[in-house]
Structures are given as C-alpha cells and as structure tokens.
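FYI, the numbering used here numbers position 101 of the sequence shown as 231, with every residue one higher than the one before it.
C-beta atoms are modelled at their ideal positions from N, C-alpha and C, and glycine is treated no differently.
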Amino acid sequence: MQRAKWVPWSEVEYLRAEREGVLRHEYLAGQIFAMAGGSKAHNIIAGNVFATLKAFLRGRPCRAFIADMKVRLKHAQSYYYPDVVVTRHPGDMAPEGPVDYITEPALIIDVLSASTETTDRREKLPAYMRLPGPVEYVLIDSSKRQIEIYRKAETGEVVQEIPAPGESVNVDSVGLCLTFEAIYEDSGVD
C-alpha cells in the first residue's frame, strides 16, 4: 500500500483555488472543507435579514455582504463563509483592499441547519469571539423560531442573549431592531 504525505494548503493556494473554482470551501489551518448547500428556508431567512440590513445601512459607513464573502480569522488561520456579514472597517470596504474576504466584521450572522449547527457553535463561535474589537454573532435556527445573539465587548467579555419569539431582536452592533416576523417571513418556519 502506498501512503501519501498530507501537505496543508497555504492561504495563498486556498484563495487562488476559491477564486478559480465553482464550489465554496472553508479553510481551517491548512485544511479545506466543502460547504453544504442550504435549504429554501435557510436561503429565505438569510435573504430577509440581508435585505433589511442593506436598506437600514444605506448611507451609513457600513457595508453588508451575503453568502459569498469570507471572513478571515488571522489568529485561527481560518476563512469562513457566514450567511450575512457587516463591516465598518475602512480597509474592508476600500476598493484596493482584499476582494474576497473581510478581516474586521462588526456583525456576523449564520443561519443554522442540521449540517452546520455543530461547526457554527463549536468552531466558529469561539473563533469569532477572539476577533479583535467588539463583534456580534447571531445564530438563527432554520427549523424553529429561535435566535441567539453573542456579543463581545471591547473588554473581551461575551454576553449571550436569547430573545423569545415575539420579542425584539436587537442588533446592537449596527443599531437595528429586527422582529421574528421579518426574519422568518415566507420561510415556512413556525
């Protein structure tokens, strides 16, 4: 039996492959992992949140991205694709900056599915909470009306909030108040 030596991918190789390929992959310290496709409910929920954020942020010094924008986590040697991400960092918004990832998100939103929930909670949550500066991570369940918000303050303290259906969903990082109805509209999720 022949054995092949595993050689980790460099960040440069990964980014080149992502730009040239048709499939999306996340990158974790030299390993790449194919992304699973989302359900209709997943896509509707992400679209609802993005549409609301995009309209709300118009004219403000922030930029919202959906689905195909990676977040680079230098400290974890990782690149992840959140469902929705907002940055206000000038380097992330500048035309001469990186074209396919951002480095300093203010808000990250992932819509949970059975295939991604473990990774989102066990891997991404702690990694995002180690980003420099304040950051807000919102997890939206695509099978039931449940939302979790994790906020990391400038001090490094992380606070979790779980609003009940019918309560306001306060996205403090951008000053937006969402409703469960707006988030789950047309998704078929009760």
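Does residue i pass the burial test, meaning 16 or more other C-beta atoms within 10 Å, or should it be called exposed?
| i | result |
| --- | --- |
| residue 205 | exposed |
| residue 213 | buried |
| residue 310 | buried |
| residue 153 | exposed |
| residue 223 | exposed |
| residue 319 | buried |
| residue 266 | buried |
| residue 316 | exposed |
| residue 298 | exposed |
| residue 250 | buried |
| residue 246 | buried |
So, helix, strand or coil for residue i, using DSSP?
| i | result |
| --- | --- |
| residue 319 | coil |
| residue 278 | strand |
| residue 153 | coil |
| residue 179 | helix |
| residue 312 | helix |
| residue 250 | helix |
| residue 222 | helix |
| residue 297 | coil |
| residue 202 | strand |
| residue 145 | helix |
| residue 270 | strand |
Between which residues of its own chain and residue i is the CB-CB distance below 6 Å, once the five residues before and five after are set aside?
| i | result |
| --- | --- |
| residue 271 | 242 |
| residue 186 | 306 |
| residue 291 | 279 |
Ignore the nearest five residues each way along the sequence and tell me which others in residue i's own chain have a CB closer than 7 Å to its CB.
| i | result |
| --- | --- |
| residue 312 | 178, 182 |
| residue 163 | 155, 156 |
| residue 171 | 272, 317, 318, 319 |
| residue 300 | 307 |
| residue 314 | 175, 275 |
Could you name the residues that DSSP lists as bridge partners for residue i?
| i | result |
| --- | --- |
| residue 215 | 195, 238 |
| residue 158 | 161, 208 |
| residue 190 | Answer by DSSP bridge pairing: none, since residue 190 is not bridged. |
Please say whether residue j and residue i have beta carbons closer to each other than 8 Å?
| i | j | result |
| --- | --- | --- |
| residue 283 | residue 256 | no |
| residue 269 | residue 302 | no |
| residue 144 | residue 210 | no |
| residue 258 | residue 277 | no |
| residue 293 | residue 275 | no |
Whose C-beta lies closer than 8 Å to the C-beta of residue i among residues of the same chain, with five residues either side of it excluded?
| i | result |
| --- | --- |
| residue 232 | 195, 199, 200, 201, 202, 215, 217, 219, 222 |
Compare the C-beta of residue i with all C-beta atoms of chain D and state if any pair is closer than 8 Å.
| i | result |
| --- | --- |
| residue 263 | Annotation note: the requested chain D is absent from the structure, which comprises a single protein chain. |
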